[in-house]
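In full-length UniProt numbering, the protein residues as written are 1 to 687.
No residue lacks a Cβ here, since even glycine has one placed at the ideal position from N, Cα and C.
See below for the structure under consideration.
Structural data, given as structure tokens:
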């Protein structure tokens, strides 16, 4: 309690002060954007003329020079915002696949963002956005724009020649690689306008961001052909097709498109690799903090969720066509509120999500579960970068703590309520819930850490990140090793006391409640790596020289990957020295995923990040659940006998894992004695 107020009152007060205003799987922000001047560019495209703006990237010094030093001078780039790539999915087109927008007769004003897709704004406690939201934005480095004044559209407002109004002639062949960004937000929040292009615009690559339908509008599925779902995924394919067909008019190379996304956007990126509909639309992929194998990434029982939503809306459940018709007549605000009311832990469980639609469509996005597609080798094989932050669970823990602030100091609540309910929300089809809870307690809370909140917090946070992010990321990485293509893994662990963090506002809230643990001061949480790739509108973070250097390194590595297929900037696929004396090796075997540690302090290539915990979630726990389920069905043993066997099984598996890790460690020491490299990403290094 603070200032004599209850915890609930204090929480409500400080939540309105949080910057960023966070949502699990994406921090959604209020913001304002202003164009610096009326100077602009005009592009002749196959679809019609597009009027864009010239914007200043660096008046405040946030975007460093390539060597990481502060850059106080302005940087310019062309921005084309709010370009429609599909017809508005409104009225009768609600829950229909996207149709190409086509041409426009008049000049298209692309100097401002269009509306984002419908979603619930937690800070404003209201629905924001529009069903008419299928727009994309294109950002082009100034050096790629052809000269040529066009006085019909803009008056001269800057004296330097390179920011005069200019035209890119129709048919000019594109040469720049394209980075196609897919935002996160638990499939229910976020938008393209939240990701400023300033940082990436120092590289020679075009950035495209776009909106896709969210929540029930993008992913509601009746479990049959009536409402086949995956509309947000079909939006993504439509946007990619638009870019492939038209990006050359903006100087981009349609044969060098890299899709990249974070969290739910990372899962969609990985889903694109699994989808036959996305074949040939991109050449590389980067999935950050999310894959299609995560527990939350797909919905296994869409009909159940459809019935829950229809029942909440007062619609008949049968026949399904009548239920769909009834839901179509509901207002968008009503539908978003029905969706919000089904959530238990912040944004969990995620039920409005991608589905396997092989039985619902003649041309499905996902004909089988992605795990089966990747395991069988039936997917789009492209080079990848994938990775996580060091403390993915921090953001999730903070949101859950704030929601349960009044009870977090109660050990009984932590052990008998919070932990079991968390596992129930996060694990799908968990028929052996009691067995799962007991196994998780033994793995993460072996010493009864429920009695002391400062002991509980880091354990609970690690459990969340291993369950929600780490285990499914490692599984996805391991399944890619059979492709014989280069795949690169990283762990983002950079954090200084003043470094920017998506969790900063939430950390302040929890600290005001009297909680202080090293994780709050040193943790690198979910989405923190995005703050080094994008300038997020509305955030007032100050970047140190080390922070700016990390940002310069990340944008360079991501752009190098889009250009060459290698983050080190070399065109071949071997281990090469990169622009900042980095040595980032691709991983090649399932036995050892080699990670590049992104940090400003001296670091070396590590391997098998949290692989023991991966073994628990993907090996030990399923075995325990199967055994308990079998004995429960047969009713052959009493509860005590079952748990003795379970305990013995856990002990045997743990011993096997430890022995395996020891053997791998000895093998790696011999293998890398001569080749292990030390990576130094210090501020004094040069590009």
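Beta-carbon proximity list for residue i, same chain, < 6 angstroms, skipping 5 on both sides
i, result
"residue 439", "621, 624"
"residue 297", "267"
"residue 443", "616"
"residue 25", "Per-residue confidence for residue 25 stands at a pLDDT of 32, beneath the threshold of 50, marking its modelled position as unreliable; the derived number appears in the next sentence. Closer than 6 angstroms at Cβ, skipping near neighbours: 184, 185, 186, 263, 264."
"residue 693", "There is no way to answer for residue 693, as the model of the chain reaches only from 1 to 687."
"residue 261", "182, 268, 269"
Element boundaries [alpha helix (DSSP H), containing residue i]
i, result
"residue 302", "302 to 312"
"residue 252", "Looking at the DSSP string, residue 252 is not in any alpha helix (DSSP H); the run it does join, the beta strand (DSSP E), is 252 to 262."
"residue 700", "Nothing in the structure corresponds to residue 700, since the chain is present only between 1 and 687."
"residue 505", "504 to 512"
"residue 561", "545 to 564"
When the options are compared against residue i, the one with the closest alpha-carbon
i, options, result
"residue 705", "655, 216, 99, 55", "Beyond the ends of the chain as shown, which are 1 and 687, falls residue 705; an answer cannot be given."
"residue 113", "337, 248, 210, 427", "210"
"residue 607", "52, 541, 474", "474"
"residue 529", "258, 538, 517, 548", "548"
"residue 88", "310, 138, 212, 111", "212"
"residue 220", "536, 350, 498", "350"
"residue 565", "188, 284, 115", "284"
"residue 471", "513, 250, 392, 516", "392"
"residue 138", "301, 83, 459", "83"
"residue 460", "479, 552, 419", "419"
"residue 490", "567, 535, 484, 415", "567"
"residue 251", "141, 194, 121, 467", "141"
"residue 121", "53, 109, 409, 340", "340"
The ligand FMN heavy atom lying under 7 angstroms from the CB of residue i
i, result
"residue 237", "Among the ligands in the structure shown, none appear at all, so the ligand FMN cannot be discussed."
Span separating the alpha-carbon of residue i from that of residue j
i, j, result
"residue 519", "residue 454", "10 angstroms"
"residue 134", "residue 81", "12 angstroms"
"residue 274", "residue 192", "23 angstroms"
"residue 124", "residue 303", "31 angstroms"
"residue 386", "residue 186", "18 angstroms"
"residue 313", "residue 338", "7 angstroms"
"residue 359", "residue 179", "33 angstroms"
"residue 258", "residue 446", "44 angstroms"
"residue 538", "residue 431", "44 angstroms"
"residue 98", "residue 492", "36 angstroms"
"residue 215", "residue 235", "13 angstroms"
"residue 288", "residue 282", "17 angstroms"
"residue 248", "residue 560", "19 angstroms"
"residue 452", "residue 411", "7 angstroms"
"residue 48", "residue 217", "30 angstroms"
"residue 348", "residue 449", "24 angstroms"
"residue 613", "residue 654", "10 angstroms"
"residue 390", "residue 610", "10 angstroms"
"residue 713", "residue 383", "Lying before the first or after the last residue shown, residue 713 is absent from the chain, which here runs from 1 to 687."
"residue 541", "residue 500", "6 angstroms"
"residue 545", "residue 532", "12 angstroms"
"residue 46", "residue 102", "10 angstroms"
"residue 238", "residue 369", "22 angstroms"
"residue 270", "residue 407", "38 angstroms"
"residue 242", "residue 277", "14 angstroms"
"residue 516", "residue 507", "9 angstroms"
Nonlocal neighbours in the same chain, by C-beta distance under 7 angstroms from residue i, ignoring five residues either side
i, result
"residue 427", "295, 436"
"residue 315", "323, 326, 327"
"residue 357", "228, 229, 230, 364, 365, 366"
"residue 376", "none"
"residue 698", "Residue 698 falls outside the range modelled here, since the chain spans only 1 to 687, and no answer is possible."
8 angstroms CB neighbourhood of residue i in its chain, flanking five on each side removed
i, result
"residue 153", "Annotation note: pLDDT 29 at residue 153 (below 50); position unreliable, coordinate value reported separately. Around residue 153: 40, 42, 51, 107, 165."
"residue 159", "Low confidence applies here, because residue 159 scores a pLDDT of 29, under 50, leaving its location unreliable; read the following figure in that light. Around residue 159: no qualifying Cβ."
"residue 503", "22, 394, 395, 398, 523, 525, 526, 528"
"residue 409", "453"
"residue 476", "270, 287, 291, 292, 293, 374, 386"
Delimiting residues of the beta strand (DSSP E) encompassing residue i
i, result
"residue 55", "48 to 56"
"residue 321", "Taken as a continuous stretch (DSSP letters only), residue 321 belongs to no beta strand (DSSP E), being part of the alpha helix (DSSP H) at 320 to 328."
"residue 82", "76 to 84"
For residue i, the residue or residues it bridges with in DSSP
i, result
"residue 386", "287, 489"
"residue 589", "592"
"residue 117", "130"
"residue 45", "48"
"residue 237", "None; residue 237 has no bridge partner."
"residue 207", "139, 179"
"residue 40", "53"
"residue 349", "The partner list for residue 349 (beta bridge, DSSP) is empty, contrary to what the question assumes."
"residue 109", "51"
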